[in-house]
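Data first, discussion second: the structure below is written as C-alpha cells.
There are 2 protein chains.
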Amino acid sequence: MTLAEQVYHQMRQDIVSGALRPGQPLRLEAMRARYGAGFSPLREALMRLQGERLVDQIALRGFTVALLSLPQMWDAVETRILIEQQALRLSIAHGGDDWETGVVAALHALTLAADRGDTGAALEDRHRAFHLALIAACRSEWLLDFAAKLYAATDRYRYPALASVSIASARNLRVEHAQLAEAALARTPDAACVLLDGHYRRTATALACSFDPERMACAG
Amino acid sequence: MTLAEQVYHQMRQDIVSGALRPGQPLRLEAMRARYGAGFSPLREALMRLQGERLVDQIALRGFTVALLSLPQMWDAVETRILIEQQALRLSIAHGGDDWETGVVAALHALTLAADRGDTGAALEDRHRAFHLALIAACRSEWLLDFAAKLYAATDRYRYPALASVSIASARNLRVEHAQLAEAALARTPDAACVLLDGHYRRTATALACSFDPERMACAG
DNA sequence: GTAAATATAATTTTCGAAAATATCTTGTCT
DNA sequence: AGACAAGATATTTTCGAAAATTATATTTAC
C-alpha cells in the first residue's frame with residue numbers, strides 16, 4: 001500500500017472517529033508531522049476525502065474537517081435509507097447461499113462483540129460489516145459505493161455516542177439487528193425495509209436529542 | 221482557480237466526451253504534456269476522478285480511464301433513476317417560484333439549442349442544466365451530489381450518440397422533456413416520476429442496441 | 001484615532017529531481 | 001525451445017525547495 005493510501009485511511013478514520021474535530025483546519029505542516037508524509041501524499045488523501053464530503057477545501061486557503069449539523073445528519077440518514085432499502089431489496093432478490101451465510105456470520109460476530117462489551121473501533125467494525133453483509137448481494141457497484149460513503153457520513157454522528165453506554169443500552173439493538181437479519185433471510189423485502197427504516201430513524205432520533213455541534217459530541 | 225482544479229475539469233470532460241478512451245492508460249509524462257501541469261496537480265485530479273469512478277488506479281501501476289460495459293451502464297441508469305425520482309419528489313414538494321422559473325428557463329434554453337441543431341458539448345450543457353433544474357429544490361446535498369456523479373457516468377455512454385442525428389431524432393425528446401417539466405410544475409410527483417423513469421429507460425435501451433465496447437462508441 | 005498602504009510572515013500550491021517499484025530485455029542454463 | 005535470473009529501462013511515488021497567494025503586523029497619511 002502506498003503512503004498516500006495509508007494517509008487516506010488513517011485520516012478518514014481520524015475524521016470519522018472525531019480525533020480530528022469538525023471545522024478544524026488541516027494545516028499541511030501539522031499533517032506532515034502527524035502522518036509522517038510529504039505534501040504530495042497528504043494532498044492526494046485530502047482530495048479523496050473531499051470527494052466523500054468529509055473534508056472541505058477552499059482554494060489557496062487550505063482544508064478543514066467538514067462540519068456537522070442536524071440538517072446534514074438527517075440528509076445523510078434519509079439518503080442512506082433510500083439507498084440501503086433498494087440495495088436490501090436487490091440483495092434479497094439475488095442473494096444465494098454465500099449471502100445468507102455472510103449475514104448469519106456477521107450477525108453472530110456483531111452479537112459476540114456487543115455482548116462482550118466491546119467498544120469503539122472494534123464494535124464499529126462489526127457493525128459496519130453486518131450492514132454491509134445485508135446488502136452485499138445487490139449486484140450494484142453504485143449502490144454499494146454510495147452506501148459506504150453514507151455510512152462514514154452518518155458514523156461521524158454516532159461515534160461519540162458509542163463510548164457512552166446509556167444510549168446503546170436504552171434500546172435493544174441486539175433484537176433490532178436480529179429481526180432485520182431474520183426478515184432478510186426470510187426473503188420478505190417489505191418487512192426488512194420497514195425494519196431498516198425504523199432502525200436508522202430511531203438511531204438518528206436518539207443522536208439528535210443529544211447533539212452538540214460545538215463539542216461535536218453527542219452527550220450520553 | 222488552481223491548476224489542479226483546471227486539470228480536473230479538463231480531464232473529466234475529456235473522459236466523459238471520449239477524447240480519452242476507456243481503458244487507455246493515463247501516463248503521467250503524457251498527461252504532463254497534454255495538460256501542462258506537474259505531477260502534483262495531475263495526481264490530485266486523478267484522485268478525484270477515481271472517487272467518481274471515472275478513473276481506475278492500481279497502486280504503483282498507474283491510472284487508466286474506467287472501462288464501459290452494458291451491465292455497468294444499466295447499474296448507473298437504474299441507480300440514477302432511484303436517486304433522481306426521490307430528488308424530483310422532494311423538489312416538487314419544496315420548490316418555490318425560483319424553482320419553477322428555473323425549470324421553465326432551462327427547458328426553453330434546451331429547446332432553443334436543440335431546434336437550432338446544436339451538438340456536442342453545447343447541447344450537452346443545456347441538457348444537464350435542465351435535469352439539474354428539475355431536482356434543484358430537493359434540499360438534499362447528498363442526492364444532488366450522487367445525481368451529478370451518475371450524470372457523468374451515464375453521459376459517457378450517451379456522448380458518442382450525440383453526434384449522430386439518427387438516435388436523437390428517432391424519438392421526440394423535445395416532447396418528453398416538455399411533458400416532464402409539465403408534470404413537475406403541475407406538482408404531480410407520481411406522474412413526473414413515471415415520465416422520468418421512461419425517459420431514462422428509453423434512452424438506455426436505445427444506447428444498448430448500438431453499444432460497442434471496443435470502439436467505446438455507440439453507433440448511430 | 002482610523003484607514004489605507006506597505007512590509008512581513010504564514011500557508012498553500014507547484015515543480016522537478018530523487019527514490020521506489022514495476023516492466024522489459026538479454027543472456028544463461030537445463 | 002523454455003524457464004529463470006540479472007541487468008537495463010520505464011513508470012510511479014515521494015520529497016522538499018521554490019513560487020504564488022493569503023493572512024497578519026507595521027507603518028504612514030489624514
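As you go down the protein sequences, you meet chains X and D in turn.
Using the working numbering, read the first sequence as starting at 1 and increasing by one per residue.
Using the working numbering, read the second sequence as starting at 221 and increasing by one per residue.
Where is the CB? At the ideal position from N, CA and C, for every residue including glycine.
Item to complete: For Thr274/X, go through chain D and note every residue whose CB falls closer than 8 Å to its CB, in chain order.
Response: Because chain X spans 1 through 220 in this model, residue 274/X falls outside it and cannot be assessed.
Practice prompt. Tell me, please, which residues DSSP counts as bridged to Leu283/D.
Written response: The question names Leu, yet the displayed sequence has Phe at residue 283/D. Gln277/D.
Fill in: Buried or exposed (CB count within 10 angstroms, at least 16 for buried), Ala29/X
The question names Ala, but residue 29/X is Glu in the sequence shown. Label assigned to Glu29/X: exposed.
Worksheet item: Comparing alpha-carbon positions, which option in Asp365/D, Thr284/D, Arg254/D lies nearest Met267/D?
Response: Measuring from the Cα of Met267/D, the nearest candidate turns out to be Thr284/D.
Practice prompt. Using DSSP bridges, identify the partner residues of Asp145/X.
Written response: Paired residue(s): none; Asp145/X is not in a bridge.
Practice prompt. Count the other CB atoms, across all protein chains shown, that sit within 10 Å of the CB of Asp75/X; report buried if there are 16 or more and exposed otherwise.
Written response: Buried: at least 16 other Cβ atoms inside 10 Å.
Practice prompt. Tell me the start and end of each unbroken alpha helix (DSSP H) in the region 308–347 of chain D that is at least 4 residues and wholly inside, in chain order.
Written response: Along the length of the region 308–347 of chain D, whole alpha helix (DSSP H) runs at least 4 residues long occupy 317–335, reported in chain order.
Practice prompt. Given a cut-off of 8 Å, decide if Leu427/D and Ala381/D are closer than it, judged by their beta-carbon atoms.
Written response: In contact: Ala381/D and Leu427/D (Cβ atoms closer than 8 Å).
Worksheet item: Going by DSSP, what residues sit across from Phe130/X in a beta bridge?
Response: None; Phe130/X has no bridge partner.
Fill in: Thr339/D and Leu60/X closer than 8 Å at C-beta
Cβ distance not < 8 Å, so Thr339/D and Leu60/X don't count as in contact.
Discussion item. Can you pull out the residues from the region 279–302 of chain D whose beta carbon lies closer than 9 Å to at least one beta carbon of chain X?
Written reply: Considering only beta carbons, the part of the region 279–302 of chain D lying closer than 9 Å to chain X consists of Ala279, Leu280, Pro291, Gln292, Asp295, Ala296, Glu298, Thr299, Arg300, Leu302, in chain order.
Worksheet item: So, are the CB atoms of Leu132/X and Cys138/X less than 8 Å apart?
Response: Not in contact: Leu132/X and Cys138/X (Cβ atoms no closer than 8 Å).
Worksheet item: At what residue ranges does the region 379–431 of chain D contain a whole run of the alpha helix (DSSP H), taking only runs of 4 or more?
Response: Taken in chain order, the whole alpha helix (DSSP H) runs of length 4 or more contained in the region 379–431 of chain D are 385–390, 393–405, 409–429.
Worksheet entry | Minimum C-alpha distance to Leu287/D - residue among Val297/D, Leu274/D, Phe350/D | Out of Val297/D, Leu274/D, Phe350/D, the CA that lies nearest to the CA of Leu287/D is found in Leu274/D.
Discussion item. So, with DSSP's three-state summary, where would you put Pro71/X?
Written reply: If DSSP states are grouped into helix, strand and coil, Pro71/X belongs with the helices.
Discussion item. Taking 8 Å as the limit between beta carbons, can you name the residues of its chain near Val16/X, skipping five residues before and five after?
Written reply: Counting only Cβ-Cβ distances below 8 Å, and skipping sequence neighbours, we find Leu54, Ala152, Asp155, Arg156, Tyr159.
Worksheet item: For Pro261/D, does the three-state DSSP call read helix, strand or coil?
Response: Pro261/D falls in the helix class under three-state DSSP.
Practice prompt. Below 8 Å on the Cβ atoms is my guess for Arg202/X versus Arg171/X; work out the distance and round it to an integer in Å.
Written response: Correct: roughly 6 Å between the Cβ atoms.
Worksheet item: Can you give the beta carbon distance from Ser360/D to Ala412/D, rounded, assuming they're within the 8 Å contact cut?
Response: Rounded, the Cβ-Cβ distance is 17 Å, inconsistent with contact.
Discussion item. For Phe130/X, count the other beta carbons within 10 Å of its own beta carbon; 16 or more makes it buried, fewer makes it exposed. Which is it?
Written reply: Result: buried.
Worksheet entry | 8 Å Cβ cutoff, Trp319/D in contact with chain X | The Cβ of Trp319/D sits no closer than 8 Å to any Cβ of chain X.
Worksheet item: At a Cβ threshold of 8 Å, is Gly96/X touching chain D?
Response: No, Gly96/X lies away from the interface with chain D (no Cβ there is under 8 Å from its Cβ).
Fill in: Expected contact under 8 Å - CB spacing of Val103/X and Leu70/X to nearest Å
At roughly 32 Å, the Cβ-Cβ gap does not stay under 8 Å, so Val103/X and Leu70/X are not in contact.
Fill in: chain X contact residues for Gln306/D, given Cβ-Cβ distances below 7 Å
The answer, in chain order, is Leu82.
Worksheet item: Based on the DSSP secondary-structure assignment, which residues constitute the bridge partners of Pro25/X?
Response: Per DSSP, the beta-bridge partners of Pro25/X are Thr64/X.
Practice prompt. Could you check which residue in Arg241/D, Gln244/D, Ala253/D has the C-alpha nearest to that of Val227/D?
Written response: Ranked by Cα distance from Val227/D, the options Arg241/D, Gln244/D, Ala253/D are led by Ala253/D.
Worksheet item: List, in order along the chain, the chain D residues whose C-beta lies closer than 7 Å to that of Leu234/X?
Response: Examination of residue 234/X is not possible in this model, given that chain X is present from 1 through 220 alone.
Worksheet item: Measuring CA to CA, which of Met73/X, His127/X, Leu180/X, Trp99/X is closest to Asp197/X?
Response: Per the Cα distances, Leu180/X.
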